[in-house]
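So the sequence shown is numbered by the UniProt record's numbering: it starts at 1 and just counts up by one. Heads up, the thing below is written out as structure tokens.
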Amino acid sequence: MDQGANDESADERSEGEPSVGGARVEGEPSAEGARVEGEAAAGAEVPGADERPEARLERAVRVAEQALIEFEIAVETFRVEVENFSRLHHQRLGPMYARLDELDARIAEARAARTGDPEDLRKAQEARAAVMPMPGVEELFHDWIDSDGLSPEAAAMLNERPVQAPKRVRPSEEARRLYRELARKAHPDLAREDAERQRREEFITRVNAAYARGDEAQLRGLSDEWEAGPVPAAERPSESEELYARLEWLAQRKDMLSVMARELEDSAIGAMLRMAPDDPDRLLEEVAEQLLAQVSERETELAGLVE
């Protein structure tokens, strides 16, 4: 996968945040690599060492957990950017595309009216039909459903609340910092008991929603809430069989996230974001400027045909 889709600034890269295109943090082993390391650790005999093999295997699990969490953070931050870019692209540029379609239809109709040529008449009919095409079923429901189910816009409409689009593609630096800290502290993959996993999953769901909106105030409140919450009790080291199973699960989870990341990067919006990894909001502005120039050109062409 192309790592340019989710390049971070230099200071963030120094924190060790992985790109979406990578399956592991730079310099850290993957979940599969940690499993192999753990197997070697469990089977190796270190002369004079009084440490149980399970303890070394436990460390390998911790390394794999942290690598997976960093990868999940990278995938989630890119997913938010893809969804925000898609919504803002539709909101800001949709009217410009519609204007271009209308101008193309008028130009084709004006040219056909001048020439009377059957081919020009056919092109005019096709251009007019393209102005308001009949949407398919998937297009009708595209804006209603996102990766979390019912989209915020759809939910707002159903509940008669104002529809609020994201303010920008990439949330602020402070929102991103708070999100990364919360994800690393409260990630469900750090839980070993079902009750603790459920508590973390519910909390991270709220964190993800606040981050998607770029809501710094709510993220700060969630940070305070987590700090004040119950501290998971220290757990005794797991036995080798459980640790091996844990490493296998981490490897499977990493593979699933890799597929998700690849789908995001291969999407049309993901491809656009790869064009401007450092400033996706500026990309929207550049596309808008290009569309305005095209609109101006079409209007000039149309004016020459109807004189």
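All C-beta atoms in this analysis are idealised placements derived from N, C-alpha and C, irrespective of residue type, glycine included.
Same chain, Cβ closer than 7 Å to aspartate 101, five either side skipped, listed in chain order: Its chain contains Ala130, Val131 as the residues whose beta carbon lies nearer than 7 Å to that of aspartate 101, once the 5 sequence neighbours on both sides are disregarded; these appear in chain order.
Between the CA atoms of arginine 168 and aspartate 194 - distance to the nearest angstrom: The alpha-carbon of aspartate 194 is positioned some 37 Å away from that of arginine 168.
Unbroken alpha helix (DSSP H) run spanning alanine 55, endpoints: Counting along the chain, the alpha helix (DSSP H) containing alanine 55 begins and ends at 53-88.
8 Å contact criterion, which leucine 243 and leucine 57 should meet: CB distance rounded: Indeed, because the Cβ distance is near 5 Å, the residues count as touching under 8 Å.
Under 8 Å between C-beta atoms of glutamate 81 and leucine 273: Yes, Cβ-Cβ distance for glutamate 81 and leucine 273 is below 8 Å.
Proline 277, enclosing alpha helix (DSSP H) - first and last residue: Segment: none, proline 277 is in no alpha helix (DSSP H) and carries neither H nor E.
CB contact flag (arginine 184, alanine 191, <8 Å): Between arginine 184 and alanine 191, the C-beta gap is not smaller than 8 Å, which leaves the two residues out of contact.
For methionine 96, the three-state DSSP class (helix, strand or coil): Three-state result, methionine 96: helix.
Enclosing alpha helix (DSSP H) for proline 171 [first to last residue]: Proline 171 -> no alpha helix (DSSP H), and no H or E assigned at all.
Bounding residues of the alpha helix (DSSP H) (the contiguous stretch that carries leucine 121): Note, leucine 121: alpha helix (DSSP H), 118-131.
Contact under 8 Å by Cβ, serine 240 with glutamate 54: Yes, they are a contact pair.
Straight-line gap, arginine 298 to glutamate 307 (C-alpha atoms, nearest Å): Per the coordinates, the alpha-carbon of arginine 298 lies some 14 Å from the alpha-carbon of glutamate 307.
Beta-carbon proximity check, leucine 291 vs alanine 64, cutoff 8 Å: No, the Cβ-Cβ distance between leucine 291 and alanine 64 is not below 8 Å.
CB contact flag (valine 259, methionine 96, <8 Å): No, the Cβ-Cβ distance between valine 259 and methionine 96 is not below 8 Å.
Between the CA atoms of aspartate 120 and arginine 111 - distance to the nearest angstrom: Answer to the nearest angstrom: the Cα atoms are 7 Å apart.
Cβ-based burial, glutamate 83 [other Cβ within 10 Å; buried from 16]: Glutamate 83 should be labelled buried.
Distance between valine 61 and arginine 213 (C-alpha atoms, nearest Å): Here the alpha carbons of valine 61 and arginine 213 stand approximately 33 Å from one another.
CB-CB length for alanine 108 against lysine 123, believed under 8 Å: Between lysine 123 and alanine 108 the Cβ distance is about 5 Å, and since that is below 8 Å, they are a contact.
Host alpha helix (DSSP H) of serine 267 (start-end): For serine 267, no alpha helix (DSSP H) encloses it, and the DSSP letter there is neither H nor E.
Among Gln91, Glu72, Ala67, the one whose alpha carbon lies nearest that of alanine 288: Nearest C-alpha to alanine 288: Gln91.
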